[in-house]
Amino acid sequence: MADDIPLLRIAGLGKRFYGTHALNDVDLTLRAGEIHALIGENGAGKSTLIKILAGVYGAEEGTIALRGEAVNPVTQRLPIAFVHQDLGLVDDLSVGENVALVAGFPKRHGLIDWPQVGRQAIELYDRMEIEAPDPQSPVGSLNAAGKALLGIVRALASRADIVVLDEPTASLPEPDALHLLDVLRRLRATGAGIIYVSHRLNELFGFADSVSVLRDGRLVRSAAMASVTPSSLVQDMLGRAVEFAHGHAEPTANKPALLFVEALRLHGFGPVTFSVAAGEIAALVGLRGAGQDEIGRAIFGALETRSGTIHLGGELLPPRETITDRMARGIALLAGDRGRESALAGMSISENLFPSQSIVKTGSLAFLSPAADRARTGEVMERFDVRPRNPDALIDWLSGGNQQKIFVARWLAAGARLLILEEPTAGVDIGAKLAIHAMVRDAARAGAAVLIVSSDFEEVATLADRALVMGRGQISGELSGAALTMDSLIARSSLGEDFAASDYAPATLNA
Ligand code: ADP
Ligand code: MG
Numbered sequence: 149m150a151d152d153i154p155l156l157r158i159a160g161l162g163k164r165f166y167g168t169h170a171l172n173d174v175d176l177t178l179r180a181g182e183i184h185a186l187i188g189e190n191g192a193g194k195s196t197l198i199k200i201l202a203g204v205y206g207a208e209e210g211t212i213a214l215r216g217e218a219v220n221p222v223t224q225r226l227p228i229a230f231v232h233q234d235l236g237l238v239d240d241l242s243v244g245e246n247v248a249l250v251a252g253f254p255k256r257h258g259l260i261d262w263p264q265v266g267r268q269a270i271e272l273y274d275r276m277e278i279e280a281p282d283p284q285s286p287v288g289s290l291n292a293a294g295k296a297l298l299g300i301v302r303a304l305a306s307r308a309d310i311v312v313l314d315e316p317t318a319s320l321p322e323p324d325a326l327h328l329l330d331v332l333r334r335l336r337a338t339g340a341g342i343i344y345v346s347h348r349l350n351e352l353f354g355f356a357d358s359v360s361v362l363r364d365g366r367l368v369r370s371a372a373m374a375s376v377t378p379s380s381l382v383q384d385m386l387g388r389a390v391e392f393a394h395g396h397a398e399p400t401a402n403k404p405a406l407l408f409v410e411a412l413r414l415h416g417f418g419p420v421t422f423s424v425a426a427g428e429i430a431a432l433v434g435l436r437g438a439g440q441d442e443i444g445r446a447i448f449g450a451l452e453t454r455s456g457t458i459h460l461g462g463e464l465l466p467p468r469e470t471i472t473d474r475m476a477r478g479i480a481l482l483a484g485d486r487g488r489e490s491a492l493a494g495m496s497i498s499e500n501l502f503p504s505q506s507i508v509k510t511g512s513l514a515f516l517s518p519a520a521d522r523a524r525t526g527e528v529m530e531r532f533d534v535r536p537r538n539p540d541a542l543i544d545w546l547s548g549g550n551q552q553k554i555f556v557a558r559w560l561a562a563g564a565r566l567l568i569l570e571e572p573t574a575g576v577d578i579g580a581k582l583a584i585h586a587m588v589r590d591a592a593r594a595g596a597a598v599l600i601v602s603s604d605f606e607e608v609a610t611l612a613d614r615a616l617v618m619g620r621g622q623i624s625g626e627l628s629g630a631a632l633t634m635d636s637l638i639a640r641s642s643l644g645e646d647f648a649a650s651d652y653a654p655a656t657l658n659a
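Remember, my numbering sits 148 above the position in the sequence shown when you count from 1.
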């Protein structure tokens, strides 16, 4: 029966670089109307698999079949569309022109029909129920989310049966990422098969239908999403069980609160009441858009509050204080949008680690720090294994994970008392993630209060001593100790108020 023939079947795929297997005997099956997540640590082989599908490299072993027919992506044009962060988009051309590059330029009397170029783009956006940008605006003026959505619209224009996305949400703010997932669900409903690469495990639950895990070029698991748990996926990726140790052993219950937030309310969020002790790693966690970001930013002075109070070290903070005032009190915020808000682009690692006051006064993340010090930079790089080990290397050259180590170290060097960390390891590989977690634990051990603001349940379960779960702008529950697991966090934040932690049974959630 035709229905039994998958859209795409990859069998025994193999590819070597200089004798090392980047892919080794990999199988993957994708059906029409399926979202198939492809996950694995950095270097696992995900991009190599995608590049083989795109015909960038030829496979050395194995076969690829589309609807049962053997194909060769290197020599054939296939109905597969690829959405990378901005792959294939031409910044200098308009939105309409970028769509027309794929859909074709409508003509009238032998000339390009420009009004129709615009209408064609708008029609495709409409079909995906996405608000269309001005089709005449240059693509370079779109933000990351706009480019990702245009990539999807173009996939639709090319009438692709298969759409492959390589980490499209890694750099997107929460509402945009949620929107993108919604658009992909609509695309799935049209019968497309979707291969979705992501580092964010929890966004896959309730979204992907199936998952394949690569490790060192080999397929270690391919399964229905409903049959796996977050912890089993992490174990598959790493090839070992992960110990979900909680921060440090000392109980924090009877320590005085360094941060005390009471009945805090801001536009659309709250009231929330909670505290964080010195030496404690607490987390404000929830699905994207649940309000954790806003509460974190309000404590940092970046968002205005409507009512409620914030105490730091027993002192009431004036409600209209600026970010600079809050930083002078020892509050630090590591922004989730690493590139835009944290990096001093075009400057060296050393300058990013110890920026002089004159440099940072202008930025939104201005702060006080000691003078630049190459020797100390060397120490930090050694300690946290920052690569390349060159203090003068430009921050722009570093991978996301290595950049993030520098930004965390920057706040530690500045002696923050309260560290608010937004999605501290979003988009970084597991090695960098473990290094950043070690830094955060060190900071807590040295007496800092840490507030992780996150929608990454795996991270919170691994790192936090206590999680305050947010739903619809309020704290809907608290998990700590043995009850603080990825599974309970996912259940707690997806099921909201109807869920009681004591009722939780893993078997029923994933059955
Ligand atoms: P992922 O996308 O999962 O991070 P990749 O597919 O990029 O992994 O890489 C898989 C392996 O192949 C890694 O060991 C990587 O170093 C190697 N590799 C990838 N592309 C090349 C290349 N063009 N030349 C040499 N080695 C490569
Ligand atoms: Mg890759």
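Glycine residues also receive a C-beta, built at the ideal position from the N, C-alpha and C atoms.
Check                                                                                                                           : Outcome
Quiz: which residues have CB nearer than 6 Å to the ligand MG non-hydrogen atoms                                                : K194, S195
For A609, the nearest candidate out of T470, A592, S628, L156 (CA to CA)                                                        : S628
Any non-hydrogen atom of the ligand ADP within 6 Å of F165 CB                                                                   : yes
Selected residue, minimal CA-CA separation from A594, among I429, P419, E452, T196                                              : I429
G203 CB to nearest heavy atom of the ligand ADP below 6 Å                                                                       : no
Euclidean distance between Cα positions of L290 and D282                                                                        : 10 Å
Contact check, G439 vs F422, beta carbons under 7 Å                                                                             : no
Contacting residues, own chain, Cβ-Cβ under 7 Å from D261 (five flanking each side not counted)                                 : P254, K255
Buried versus exposed call for Q622 [16 or more other C-beta atoms within 10 Å across all chains shown]                         : buried
Per DSSP, the bridge partner or partners of Y344                                                                                : A185, L313
Identified DSSP bridge partners for V420                                                                                        : L412
Secondary structure of I578, DSSP reduced to three states                                                                       : helix
Endpoints, the alpha helix (DSSP H) within which G299 is located                                                                : 292 to 305
Sequence-distant residues of the same chain with beta carbon closer than 7 Å to N172, five excluded per side                    : G162, G365, R366
C-beta atoms of S358 and M373 nearer than 7 Å                                                                                   : yes
Contacts around L481, its chain only, beta-carbon distance under 6 Å, and the 5 residues preceding and following it disregarded : F448, I568
Those residues which DSSP pairs with Q622 across a bridge                                                                       : G619
Between the CA atoms of E469 and R413 - distance to the nearest angstrom                                                        : 16 Å
Chain-order list of residues whose beta-carbon lies under 7 Å from that of G266 (same chain, five-residue window excluded)      : G244, P283, Q284
Local Cβ density within 10 Å of F165, reported as buried at 16 or more and exposed below that                                   : exposed
Residue span of the alpha helix (DSSP H) that contains S455, given as start and end                                             : Segment 455 to 460 is the beta strand (DSSP E) holding S455; no alpha helix (DSSP H) there.
Unbroken alpha helix (DSSP H) run spanning F605, endpoints                                                                      : 605 to 611
Which residues DSSP lists as bridging G162, in chain order                                                                      : E209
Contact test: N550 Cβ vs the ligand ADP heavy atom, cutoff 6 Å                                                                  : no
Any non-hydrogen atom of the ligand ADP closer than 6 Å to A170 Cβ                                                              : yes
P378 in three-state terms, based on DSSP                                                                                        : helix
Contact the region 594 to 606 vs the region 567 to 583: 3+ CB pairs below 8 Å                                                   : yes
G387, buried or exposed, once every other Cβ within 10 Å from all chains shown has been counted against 16                      : exposed
In DSSP terms, what T168 is bridged to                                                                                          : F165
Inter-stretch contact (C-beta, 8 Å, three-pair minimum) for the region 293 to 306 and the region 323 to 342                     : yes
A192 Cβ short of 6 Å to the ligand ADP heavy atom set                                                                           : yes
Same chain only: Cβ atoms within 8 Å of A308, ignoring 5 sequence neighbours per side                                           : P227, I228, A229, A340
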